[in-house]
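Visitor:
Residue numbers (my numbering), protein chains in the order written: chain P, 3 to 170; chain L, 19 to 443.
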């Protein structure tokens, strides 16, 4: 159990670092753009970098958003049901989320490989690296949803959203 | 058949409490599989939905709001609002509404407003002798002003969906937002007079000036944002990021209530909220693409127009539909799914897109305070430690007030379009 906790902790930290760093990169790119505008030395690639930084923010953050309920749960009615029903519905919800993400993974990979032949206009980055954000987003969603299913089945958690600020 | 399954899975997912983003994904996937389309369409459309220029500003505005929120603005704004209207009958209720209006200029989400202002005002109002249900209701109702007064996350989403300029959208919300706030203040005043709620002593212009001095740096952010957007000097994304830097500097060095050690946590939390919204937008883009390729927007427009092409009736029908949907569905999800179909209907009867967008957002905000899925209602009832039922009863007069404002904005386009039109002249 201790090992499982450690792995979950590591994955969560990885997602948090990825989300935070991508967002920091987005902020830095925008500030560079603003500074460039003021000095008249604006590089052409900042807008593209900002867009890609946002995509990576989503890639790392979507799993955390699933975990914290930020994927928008309309669960008020479900939570007010009697007995074990809310628990069962939370389990179904986690299974559905994990199932969708897992099913889409190979298809997302196909989409990634389509980008192999293209490069981005300003930065010259291979587009499969950028298309990979959709795949990565699904990977993190699948992991966090599967961990919730596992946690609920083993009794380690009740399947309720975990607020991000509680574990940073 | 495929479309029926699309909607059945969608409604089924929502009823089971599956996250909206996942529900949109599941329903779209079932459609694709039944229609024999390759599932690779899904990641492709998700990517296209998320890689939209205007959406880049969402994490910045969320971060700016969170930084301001943790940087000690709540008490300063409440003190300033209280110095302005606290002396009127039912003063703390009016303070609550005024604070929400000022706060609305800093954060773009209603729930943040309900939680921050409610956390201070609901216990404060209870202590001063106001009934707990009234205190919770007024906080919930007034928090919905937040996303009408700029900046506003729902309006950025509308910008992304329709191509309307975010600056124009923000400006279109200003008069309706102020109108909503003032109308709620009148309602609060009338209730307070009837129920003899307390008022405070007028504390003099000295206190107004002092409290304004305290709140100045926070309030200046609203103007920084509006100026940045309207002057054409900065894009929405640049404005949002500069506002975040400004909020950090004010919280850490002027108010000195934002510990720098908290910064990474706030950064990740804001980015996670934004990632949730963006993922929702991505999945919804697949759903939206299916609706468009099945010509559902056209079918809705044709269906309604075959019943009536009377502009007044069409506006009424759109509002009734959005109010109904807003009762059950989260604002952003409702916007993503319904905005484009209803926009084609609105344009068919000659409603300007900017006007339509303004009353559609205002309408969906009202849904945040209606049962069974009114998020702000739950937040405020939770803070007041009340069951939902008394808060629902207490919020009714404010709900009616907001519906009256909604009808005014729906039928008098100038309320939304006049300010932006000054800009384009």
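We put the CB at the ideal spot given by N, CA and C, even for glycine.
Would the beta-carbon of residue 293 of chain L fall within 8 Å of that of residue 67 of chain P?
Guide: Cβ atoms of residue 293 of chain L and residue 67 of chain P: closer than 8 Å.
Visitor: Answer with buried or exposed for residue 386 of chain L, where buried requires no fewer than 16 other C-beta atoms within 10 angstroms of its C-beta.
Guide: buried
Visitor: DSSP three-state call for residue 139 of chain L: helix, strand or coil?
Guide: Helix.
Visitor: Please go through the same chain and pick out, in chain order, the residues whose beta-carbon is closer than 6 Å to the beta-carbon of residue 150 of chain L, but skip the five residues on each side of it.
Guide: 144, 402, 404
Visitor: State buried or exposed for residue 348 of chain L, treating a residue as buried only when at least 16 other CB atoms are found within 10 Å of its CB.
Guide: Burial check for residue 348 of chain L: the Cβ neighbour count within 10 Å reaches 16 or more, so the residue is buried.
Visitor: With a threshold of 8 Å between beta-carbons, can residue 320 of chain L be considered close to chain P, or not?
Guide: no
Visitor: Use the C-beta contact count for residue 41 of chain P: other C-beta atoms within 10 angstroms, 16 or more gives buried, fewer gives exposed.
Guide: exposed
Visitor: Say whether the segment 159-168 of chain L touches the segment 188-208 of chain L, bearing in mind that this needs 3 or more beta-carbon pairs closer than 8 Å, one atom from each stretch.
Guide: The segment 188-208 of chain L and the segment 159-168 of chain L touch, with three or more beta-carbon pairs separated by less than 8 Å.
Visitor: Mind the definition here: the segment 150-157 of chain P touches the segment 80-98 of chain P only if three or more C-beta pairs lie below 8 Å; say whether that holds.
Guide: yes
Visitor: Between residue 145 of chain P and chain L, is any beta-carbon pair separated by less than 8 Å?
Guide: No - not a single Cβ of chain L is within 8 Å of the one on residue 145 of chain P.
Visitor: In terms of alpha-carbon separation, which member of L:310, L:392, L:324, L:306 lies closest to residue 354 of chain L?
Guide: L:306
Visitor: Mind listing the chain P neighbours of residue 262 of chain L? Cutoff is C-beta to C-beta under 8 Å, in chain order.
Guide: 29
Visitor: Contact defined as beta carbons within less than 8 Å: I believe residue 138 of chain L pairs with residue 96 of chain L. What is the distance between those atoms, to the nearest angstrom?
Guide: 6 Å
Visitor: Among residues of its own chain, excluding the 5 on either side of residue 412 of chain L, which ones have a beta-carbon nearer than 6 Å to its beta-carbon?
Guide: Result list for residue 412 of chain L: 151, 152, 155, in chain order.
Visitor: Report the rounded CA-to-CA distance for residue 388 of chain L versus residue 338 of chain L, giving the unit in angstroms.
Guide: 14 Å
Visitor: Judging by CA-CA distance, which residue of L:391, L:380, L:397, L:394 is the nearest neighbour of residue 187 of chain L?
Guide: Nearest C-alpha to residue 187 of chain L: L:380.
Visitor: If distances are taken between C-alpha atoms only, which option among L:120, L:173, L:73, L:40 comes closest to residue 65 of chain P?
Guide: L:40
Visitor: Check whether the Cβ of residue 69 of chain L lies closer than 8 Å to any Cβ atom in chain P.
Guide: yes
Visitor: For residue 21 of chain P, name the three-state secondary structure that DSSP assigns.
Guide: helix
Visitor: So which residues of chain P does residue 49 of chain L contact, with C-beta pairs closer than 9 Å?
Guide: Those within 9 Å of residue 49 of chain L in chain P number zero; the least Cβ separation is about 13 Å.
Visitor: Check the Cβ of residue 64 of chain L against every Cβ in chain P and list those closer than 7 Å, keeping chain order.
Guide: 136
Visitor: Taking any Cβ of chain P, which residues in the segment 25-48 of chain L have a Cβ under 9 Å from it, in chain order?
Guide: 31, 32, 33, 34, 35, 36, 37, 38, 39, 40, 41, 43, 44, 47
Visitor: Quick one, which of L:53, L:291, L:220, L:98 has its alpha-carbon nearest residue 235 of chain L's?
Guide: L:98
Visitor: For residue 94 of chain P, which residues in chain L fall below 9 Å Cβ to Cβ?
Guide: Chain L residues near residue 94 of chain P: 34, 35, 36.
Visitor: Tell me the rounded alpha-carbon separation between residue 278 of chain L and residue 78 of chain L.
Guide: Cα to Cα, residue 278 of chain L sits roughly 18 Å from residue 78 of chain L.
Visitor: Assess contact between the segment 267-282 of chain L and the segment 109-116 of chain P, defined as three or more Cβ pairs (one per stretch) separated by less than 8 Å. Is contact present?
Guide: no
Visitor: So with CB distances below 9 Å, who are the chain L contacts of residue 160 of chain P?
Guide: Those do not exist, as residue 160 of chain P stays about 14 Å from chain L at its closest Cβ, beyond 9 Å.
Visitor: Anything in chain L within Cβ reach of residue 72 of chain P, meaning under 8 Å, just list it in chain order.
Guide: 290, 291, 293, 294, 295
Visitor: Please state the DSSP three-state secondary structure of residue 128 of chain P.
Guide: Secondary structure of residue 128 of chain P (DSSP, three-state): strand.
Visitor: Give the single residue among L:102, L:263, L:175 whose Cα lies nearest to the Cα of residue 82 of chain L.
Guide: L:263
Visitor: Give a single yes or no on whether residue 32 of chain L has its beta carbon closer than 7 Å to a heavy atom of the ligand COA.
Guide: As presented, the structure is devoid of all ligands, the ligand COA included, so that no description of it is given.
Visitor: Just curious, the alpha helix (DSSP H) that residue 307 of chain L is in, first and last residue?
Guide: From DSSP, the alpha helix (DSSP H) with residue 307 of chain L extends over 281-311.
Visitor: Which residue marks the beginning of the alpha helix (DSSP H) containing residue 63 of chain L, and which one marks its end?
Guide: 59-68
Visitor: Opposite residue 121 of chain P in the DSSP bridges: which residues?
Guide: P:128
Visitor: Skipping 5 residues on each side, what residues in its chain have a beta carbon closer than 7 Å to that of residue 364 of chain L?
Guide: 336, 374
Visitor: Less than 8 Å between CB atoms is the rule here; does residue 14 of chain P satisfy it with respect to chain L?
Guide: Residue 14 of chain P does not count as touching chain L.
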